[in-house]
Every structure is written in C-alpha cells, then in structure tokens.
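**Student:**
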Amino acid sequence: MPSSNPMRATALRLCLFLLPVLACWGLLEWWLARVPSSHSVKRVNLEHAAAAADTLILGSSGAYWDIAPPYLPGHAYNLGNVAQTLYYDDQLATRWLDRLPHLHRVIIAIPYVSMFFQLQGTDEDERQYGYFQQWRIPPPGWRERMDLRMVSDVALRTPLFAVSSLRTAVVQHLHGAPLAGPPVDPPIHPDGWCPRWPPEPTELADPVVQTKIAYHHGLMHMSDEVANRAALEHLVSLLHSRGVEVIIVTPPVWPSYAALIRQDYWQRAQADFRDLGEKYGVRYFDYMKDPRFSVADFLDADHLNEHGAVHFTQLLTAAIAGPVAQPEQRAADATPGSHW
Amino acid sequence: MTHEEVHKRLTAVFRDVFDDPSLGISDSTTADDIDDWDSVNHITLIAAVETEFRISLSTREVKNLGNVGDFMKLIESKAR
Amino acid sequence: MSFLSIVFAAFLAAGLLVYHNAPQQRRPAILLALSFLFYATWSVWDAALLLAVTAGVYGAARLLDQTPTESRKLRLLTAAIAILLVLLVGFKCARLLATHLAAAWVEGNANVALWLAAPLGLSYYIFKLLGYLLDVYWGTLPARRDFTSVALYAAFFPQIVSGPIQRAEDFFTQLDAQRGSDPDSFVLGLRRILFGLFKKVAIADQLAVAVASTHGHPLEHSSLELLLGAYCFSLQMYADFSGITDIAIGIGLLFGIRGPENFNRPYFAANLQEFWRRWHMSLTSWLTDYLFVPLRMTFRHLGNTGLALAIFINMVAVGIWHGPRWTYAVFGCMNGVFMIVSALTLKKRNQWFKTRPAMARWRAWVAPLVTFHLVVLTHIFFQAPDLHSALNYLGQMLHLVPHGAVAAARVDLASFGLTYGRLFQALAGLVLMETIHWAMSRRDWTHGFKRRGLRWAVYYAVIVMVMLSARGTTSFIYAKF
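Just so you know, the sequences run in chain order D, H and A.
For the record, in the first sequence the residue sitting at position 148 is 148 according to the numbering used here, with numbers rising by one throughout.
Each number in the numbering used here comes from the position in the second sequence (counting from 1) with 1000 added on.
Each number in the numbering used here comes from the position in the third sequence (counting from 1) with 2000 added on.
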C-alpha cells in the first residue's frame, strides 16, 4: 500500500526545502578541499620528499616539534604529528614504505604518555577523521567509522570555520589576492618539521606542570599498552625485515614533570623497549632527564621550542652517528639511559 | 443516607479542605475546576472524607476517581 | 548511534520510508524492529536484557489480570517490582561498587566506562514498565494482549535515550487509534527537531563554555563570576534538556506518536511546588502518581508530618534517580526541605498577601525570582562531581572563603572563555526560546506564519544559526541518565 498523497507531497516538499542546504554544504566542502590542514600539508610535502628521503621521523608532538630534520645526516622527513598514536605511526610507515626507496633509518619519538594512550574517547579523538580523510587510514574502532566526519570535512573542521575562511578569502580576492584559504598555523616546513616559537615560560611553573601531568595521567591506561605494543612491534619487525634501522628516543622533559611520572607505567614502557632491542636490534636513547637541557630549550613542560629542537637533534645525531653497529654491539647499546 | 445528605456533607468537607466557604460542587466537578485541587490536597481530601463518613478507601479506589460524581458513588457504596 | 550523527540521520530516513509505505497493521512491528536495531548498535547484550525484562513484565501484567485473589495479586506485584528495582539499582551502582571493591582495576582499565555503564535508557524503560504494571494492578488499564505493543512501549527509540517518560495509557491509546500517516504531525515533528537543535547548539553549548570555566576552575574566578556561572549552568541545563526532549518528541511525531511534554517555562514558577510541576514533568508526574500518592495515602492520617515525609521521600527519589552520588542525594534533600517549608506555609502566605494587594503585585515579580535562586542553589550540588567541590564552589561564590588576588566583584568575560558576541547570542537565544515557548502555549500561534515563504525563511535562518554554532560532536547532559 503506497503512502497517501499528502504524505508524498510533504516528503517532496521536504526534499525541495533541503536542496539549497545541501547545495551550500557542497560549496563549503569544495572550498575546504582547498584549505590546507596539518595533515594535507604533511602529505603533500611527503609526496615531494619521498624520492630522496633516507630517514623517517615518527611519533607524536614529541617528534613533530622536537626533532629538526636539517640537523640529521642525509635527507630526513618528519612525519610526526600532534597526538599521533603508535597505531598511526605504524599505519603511515607501512603504507609509505614502498614509496621510500632510499629509506635506511626510522627514528620514533616515544614520550611518557604514548605507550598508554589511544585517541578514542579523548578530547583529541577528532584527529582520527583527519587521518582518514587525508591519508586513508581508517580509525581502529567501528563506531568511529560510522561518523559523519569520516567523509565530511565541513563537519570535521566545523561549518563556522568553512564559512569564515571563505568569507575572508573572498574579501581578500576582491582586493586582488588569489582565492586561497588561510595557511596552517604554526607553519610547517617542507621537511615536515613544525618548530615552535616563542617559548611559554609560564608553562614551566609548578602548579601548571602538576595540572598537565594530572591531565596526562587521566588519559593513560595500562590496558592500552597491549595495542600500542602490538603496533610498535609490527612496525619494528616490518622495518627490520627490510633492513631499515630503527631508533626509539624519549625526548627531554622539564625536571618537575619528570619527577611526577609514575614508575609502574614508565618501567613497563622501558621493558617494552628492551624487549624490542633484544628481538630486533632496536636502539633506545632516553633523554627524559638529560641534564644538558636548560630553560632556554623548552616550549612547555614536555616539549622543546625551536632552539631546543635544534640542540636536541644535534645531540641525537652525535649519539647515533657512525656505522650501524653489529648485532652483539646493538644489544649492548640498547640498555636504558645509554647515549652512545 | 440520601444522595442529598451525602452531597451536603461532602460540600462541607470540600469547603473545609480548600478553605473556601462559598465553594459549590456538582457531579461533574473535576480537579481542573478547583484552584488548589492538586495531588497534595487530593489526599488531604481523601483523609477528610474518610474521617467524616467513617469509611476506608484504598489506593485503587482513589486512583479511578474522575470527578465528584464518581466520588459520591464511591462514598454511597461504602457508607451503608 | 547518538542522535547527532550521520548514521542516525540515514537510519531515520530509511526507517521513515519503510514505515510510511507499509500497511497500517505492520507499522507497530516495523517501529519495534527499528527501535531494537537502534538499541543494538549501543549494545547487543543490553538489547537482550531489554527484551527479557519487557517479556517478564508482559507476563506479569497478564497474570495480574487473571489472578482473582487480592493477596496473590499483591504478592505477584511486589515480586515484580522488587526484581525491577534490584535491576535498576544494581546497574546504577555497579560502577560505584567496582570502584570500592577493585579500585586499581577500575583505574587502569580503559574499557571500564563501557563495561560498568548502566544499559542505555535503563532508568527510562524500567520506570515505564513499573508504571504499566502498577496501572494494571490498580485497574486503570487492562493488561495488553499483544506483546508487540508492550515491547514497543518500553523500547520506543526516540524516548529511550533520555525520555520523556510516556504513560502506558497515553501510548497505547495513540497506538490503537491507527491514524495512518499524518503530514501535519510529520511537519510538526520536523519543526520540533529543528527547535531542539537550536536550543542545544546555539544556546546550551555556548553557555557550556562559561560553565566549564567557572565550575572547572572556581579558584580563578571572583564571587560575582561564580554567581554568573551558576546562572549559566541552570540556564544551560534547561536549554540542553528541553532541547533533547524536543528532538525526542519531534522524532516520535515523525512516526505519528506524540510524547508528553517535559517543560512548561519552569523558571517562571512562583514557588517550588509549581517549579516541579513544570520541570522534567514526565518524571515528576510519574513519581507523583506512582510514589508520592501511594506514600501520601499510607501516611494520610499523620497530618502534616505525613505530608512532610511523603514530600521528602519523593524529592530524595527525584535526586537519586539521577545516580548513586551524594551530590544527587543532597540535591534531593535540599529540594525536599524547601518544598516542605513552602507547602506547609503556602496557605498562610496566600492569606497574608490577600490582605495586602500592593504587596501582592510585587509578589508576582519577586516570587519567581526567589524560586529561581533556590533552584540555582540546588543545581550547584547537582552539577558538582562531589560534595567537597560543591561546598567549595558555594563558599567561594558567597565569599565566605576569600581567595587571594581575585576581587569579589570582578567580571572578566575573557576568563570565562566568553566573548560579548557569544554571550549576547546565548541571551538572545534564551529570550527567543522563551518567547516561542510562550507562543506555543497559545492556540493559534502559527497564524502569523501562514505564508510558506516566511516560514521557510525562518527555518533557513535557524538552520544557518545551528550550523554556525556547531562544534564537533556534542553530548547531552541527560543522556547519561
């Protein structure tokens, strides 16, 4: 029995009503495809750098901000990003391995939080959709795969951003500028690095540090270690089978932050790094409490500013310099706290 | 007890509970017609009716009262 | 799936297509299937629980109707009620118990929230089924013969997430009426959904920014700012909750079922009893009919003490319905005490004002303001994560505990995370919202909107406002209950 005519008429009117809304939405989607995001910029930059890159840097903001590719030997590309979990590190490297013909070294920055952190259910979980839209990496959970933000950039970056960026661009265009979206802020270098300047010294005050580490502890769960360990091991074993050297590094943090870390979590992470060192010859460098960093190097309690990143990368380069060590040598090197 | 007697005594109870000496009720009066007749006063009314007519009412009987007419029928059936 | 997601929109569109193209007799079954499909995407186990509980209540109700003896009826009823309440309390308290018994496991495990969370809509469907059972026991309603209608009543998906709690009689009457597809009700539903979205996104979420700041970091704010923060929370909760109720009622209307209202401009109530007759009406009227009246009947010969006791228990129930937390219990107690005082002195107050007509005119303005402030006070406890925070907030707001460098009367919007623009938008939204609520209570309010062009212009304007205020996914306050 077909629906009655008044109902059909109402349904048709509804479709008619929605047409302009969908048209505007479509326009905004078209516009946002032209507005860069950190993911789109990194992807485009990687496409240009892939042919020559011999070192890949992975990790969260501890890599993205803290490791400066120009100060590493050869051609390095920084593929880290804010709150990038080991799942995404693994997926990115796995998918791009075949397009990096000269790759011989991967440096993974793993700070305190990373082994015990997943994006789902946190404030940052919308980043999962950026990875899908730009890199085609699906979120691990099935519920997230049903979200509108998997396909709609307007929903992800909000209609307000789309409209205001379009309005600004149109106004500028009328004054002679080309029609273009706002650049990514802070700016990203062609080698993928995002140096942070100026530093924020108020972030180093004790109460701020305590709040921050309490927030981090709220995000960390021992039960997340299993999945993170599996992703890391998958990545390491794949790279090892291709003859790519893997180096894990923990970037420096402010002493009052380091004093508040929980030993049960940290010893567990260290044990994981040791295991990987024994199985795959992964070298580990722990700079968490390194005394050579001063207040001039830090952006906030757990990140470095541009100056600090340069300093850190130079130290790291010296530490890993020289020919790749023999297997017995590598196992001896991979004790916690070793420098070179 | 005649219908009129029940009506007279019930009106007296209503006037007392709602504090309105001029209040009048008929078979079709409902809670919407009297300002203060809410769930709180409804039970006060029930208690007063029980005392006045020396009867006992159950929750089930009280639940199914629609208007004053139902009320009067209930009282008459109980107060034999 | 949550209400605000693409998959839900697709589900709804597909469901409506199937429903409205099906013959009338099939429609309840289709709606039931849709409801369980919706529920199963949250959790298949919980869907099985819902089915089992509904089957149990269906059976118990039919048995009640067939049992002749009063005493056996009472025993059956008591057993059924006990089981339902144990389920409700058990699930609600599961997390609390686990935290006490296995704190380390709870803390280290990311999935705890998922495993120990009460099934979706537990409070709502258990209350619905309890009400149905009691109605059958009291003879207000005959036990339903067809299982489909009882199952649909409990699982009806627009209402299962956060209410409103519809009465069995009302629901079954509508279901039986078999009115067929009604375009008016469909359009009304769409309007309600739009209105609900507007309240949630353009008003509640804007206020939420201020609330997060004042309630998250009370030490960084002055007393006046904390007071404003308290106002913002009460207003936010109103916009948020009435918004989700509108969406729920609207979605129900798309299927031709009208749910009960939850709000009737509550902040204009003249006293606390009236406030509770206008706020979360489906819950409070349920508690009145199924808890308060029976209690009151039991205590009716205890005079004022009986009344006070019944009111107190009722308000504490309202409080702890929200969860096993001390703050909710205190919220309930405060309301209980305020209501007892109000109820016992109302007659005398009315008499006092009758003899003073000039003051009576002031009373019309002052009474709602006083009531509003009492409510804001109770909300401070409702919102706080624990008693300590609540008392902290209160102490700082009343400047009982001087807090360092922040002057008592400073008002710095930037510290709220608010701009004048956003504040203005929230206030304008509130005024608009209440105006529409007032208009909706008049009969022919849509007279001015006869021209379709004007109506559509208004709808487009609201859609634009909703889009521009939207930020990522949002969650509703009352979906946690």
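Backbone N, C-alpha and C define an ideal beta-carbon position, used for all residues, glycine too.
All values reported here derive from a predicted model rather than from experimental measurement.
Take valine 2007 of chain A as the anchor and find which of A:Thr2345, A:Phe2038, A:Asp2135 has the nearest alpha-carbon.
**Tutor:** Answer by Cα proximity: A:Phe2038.
**Student:** Would DSSP call tyrosine 2459 of chain A helix, strand or coil?
**Tutor:** Note: tyrosine 2459 of chain A maps to helix in three-state DSSP.
**Student:** Compute the distance between the beta-carbons of asparagine 1067 of chain H and serine 1028 of chain H, then report whether it is under 7 Å.
**Tutor:** In contact: asparagine 1067 of chain H and serine 1028 of chain H (Cβ atoms closer than 7 Å).
**Student:** Under a CB-based cut-off of 7 Å, is arginine 2072 of chain A close to chain H?
**Tutor:** So no, arginine 2072 of chain A is outside the interface.
**Student:** Show which residues of chain A have a CB atom less than 8 Å away from the CB atom of aspartate 153 of chain D.
**Tutor:** Per Cβ cutoff of 8 Å: no residues; aspartate 153 of chain D is ~13 Å from chain A at best.
**Student:** At a Cβ cut of 8 Å, what residues of the stretch 2295-2307 of chain A count as close to chain H, listed as they run along the chain?
**Tutor:** Flagged, chain order: Arg2296, Met2297, Arg2300, His2301, Leu2307.
**Student:** Using DSSP with H/G/I as helix, E/B as strand and the rest coil, what is phenylalanine 298 of chain D?
**Tutor:** Reduced to three states, the DSSP call for phenylalanine 298 of chain D is strand.
**Student:** List the endpoints of the continuous beta strand (DSSP E) containing asparagine 78 of chain D.
**Tutor:** Its beta strand (DSSP E) spans residues 76-78.
**Student:** Candidates D:His189, D:Pro101, D:Asp272: which alpha carbon is nearest valine 226 of chain D's?
**Tutor:** For the residues D:His189, D:Pro101, D:Asp272, the minimum Cα distance to valine 226 of chain D belongs to D:Asp272.
**Student:** Roughly how many angstroms lie between the CA atoms of tyrosine 2328 of chain A and arginine 34 of chain D, to the nearest whole one?
**Tutor:** Rounded to whole angstroms, tyrosine 2328 of chain A to arginine 34 of chain D spans 50 Å at the Cα level.
**Student:** So which residues on chain D does methionine 2467 of chain A lean against when the C-beta distance must stay under 7 Å?
**Tutor:** By Cβ distance, chain D contributes Pro159.
**Student:** Distance check for phenylalanine 2198 of chain A and alanine 2013 of chain A, CA to CA, integer angstroms please.
**Tutor:** Cα to Cα, the separation comes out at about 21 Å.
**Student:** Which term fits lysine 2200 of chain A, buried or exposed, when burial requires 16 or more other beta carbons within 10 angstroms of its beta carbon?
**Tutor:** Lysine 2200 of chain A is buried by the Cβ-count criterion.
**Student:** Figure out for me which residue from A:Ser2222, A:Met2433, A:Gly2332 has the closest Cα to the Cα of glycine 2395 of chain A.
**Tutor:** Among A:Ser2222, A:Met2433, A:Gly2332, the Cα nearest to that of glycine 2395 of chain A is on A:Ser2222.
**Student:** Three or more C-beta pairs closer than 8 Å, one from the stretch 2411-2419 of chain A and one from the stretch 2224-2240 of chain A: is that the case here?
**Tutor:** Output reads yes: the stretch 2224-2240 of chain A touches the stretch 2411-2419 of chain A.
**Student:** Interface residues of chain A around valine 21 of chain D at Cβ under 8 Å?
**Tutor:** Within chain A, the residues near valine 21 of chain D are Tyr2460, Ile2463.
**Student:** With a threshold of 6 Å on Cβ separation, who are the neighbours of isoleucine 2251 of chain A within its own chain once the five nearest residues in sequence on each side are excluded?
**Tutor:** Taken in chain order, the residues that qualify are Pro2158.
**Student:** Report buried or exposed for lysine 2128 of chain A, applying the criterion of at least 16 other Cβ atoms within 10 angstroms of its Cβ.
**Tutor:** Classification of lysine 2128 of chain A: buried, given that the 10 Å Cβ count is 16 or more.
**Student:** Are the C-beta atoms of isoleucine 2006 of chain A and some chain D residue less than 7 Å apart?
**Tutor:** Output row for isoleucine 2006 of chain A: interface = yes.
**Student:** Note down, in chain order, each residue of its chain lying with its Cβ closer than 8 Å to the Cβ of aspartate 206 of chain D, except the 5 sequence neighbours on either side.
**Tutor:** Within the same chain, aspartate 206 of chain D has close Cβ partners Ser256.
**Student:** Check whether chain D comes within 7 Å of arginine 2471 of chain A, counting only Cβ atoms and requiring the distance to be less than that.
**Tutor:** So yes, arginine 2471 of chain A belongs to the interface.
**Student:** Would you kindly report the start and end of the unbroken alpha helix (DSSP H) that includes leucine 58 of chain D?
**Tutor:** It is not in any alpha helix (DSSP H) - leucine 58 of chain D instead sits in the beta strand (DSSP E) that spans 55-59.
**Student:** Can you tell which of A:Arg2265, A:Arg2296, A:Ala2033, A:Leu2134 has its C-alpha closest to the C-alpha of lysine 2073 of chain A?
**Tutor:** It is A:Leu2134 whose Cα lies nearest to the Cα of lysine 2073 of chain A.
**Student:** With a cut-off of 7 Å, does the C-beta of methionine 146 of chain D fall near any C-beta of chain A?
**Tutor:** By this cut-off, methionine 146 of chain D is an interface position.
**Student:** Between tryptophan 2525 of chain A and chain H, is there a C-beta pair that is closer than 7 Å?
**Tutor:** Shown here, chain A extends from 2001 to 2481; a query on residue 2525 of chain A therefore has no answer.
**Student:** Is DSSP giving aspartate 286 of chain D helix, strand or coil here?
**Tutor:** Residue state, collapsed to three classes: strand.
**Student:** Below 8 Å on C-beta distance, what does threonine 10 of chain D contact in chain A?
**Tutor:** Ordered by position in chain A, the residues that pass the 8 Å Cβ test against threonine 10 of chain D are Pro2183, Phe2186, Val2187.
**Student:** Keeping to the same chain, check which residues put their C-beta closer than 8 Å to that of asparagine 2314 of chain A; ignore five residues upstream and five downstream.
**Tutor:** So the qualifying residues of the chain are Leu2287, Thr2288, Leu2291, Phe2292, Leu2295, Gly2336.
**Student:** May I ask you to list, following chain order, the residues of the stretch 111-137 of chain D that have a beta carbon less than 8 Å from some beta carbon of chain A?
**Tutor:** Within the stretch 111-137 of chain D, the residues whose Cβ lies closer than 8 Å to some Cβ of chain A are Gln118, Gly121, Glu126, listed in chain order.
**Student:** Quick check on this structure: which residue in D:Ala11, D:Ser38, D:Ala9 has the alpha carbon closest to the alpha carbon of proline 187 of chain D?
**Tutor:** If we check each option's Cα against that of proline 187 of chain D, D:Ser38 comes out closest.
**Student:** Show which residues of chain A have a CB atom less than 7 Å away from the CB atom of valine 209 of chain D.
**Tutor:** Under the 7 Å cutoff, chain A gives no residues; its nearest Cβ is about 16 Å from valine 209 of chain D.
**Student:** Starting from arginine 1060 of chain H, find everything on chain A with Cβ-Cβ shorter than 9 Å and list it in chain order.
**Tutor:** Within chain A, the residues near arginine 1060 of chain H are Tyr2137, Trp2138, Gly2139, Thr2140.
**Student:** In whole angstroms, give me the CA-to-CA distance for aspartate 2246 of chain A and arginine 2455 of chain A.
**Tutor:** Those two C-alpha atoms are separated by around 19 Å.
**Student:** What residues in the stretch 156-187 of chain D bring their beta carbon closer than 7 Å to a beta carbon of chain A?
**Tutor:** Residues passing the 7 Å Cβ filter: Thr158, Pro159, Leu160, Val163.
**Student:** From the DSSP output, in three-state form, read off histidine 2280 of chain A for me.
**Tutor:** Coil at histidine 2280 of chain A, not helix or strand.
**Student:** Determine whether the beta carbon atoms of serine 2213 of chain A and histidine 2020 of chain A lie at a separation below 7 Å.
**Tutor:** No, the pair does not count as a contact, with Cβ atoms beyond the cut-off.
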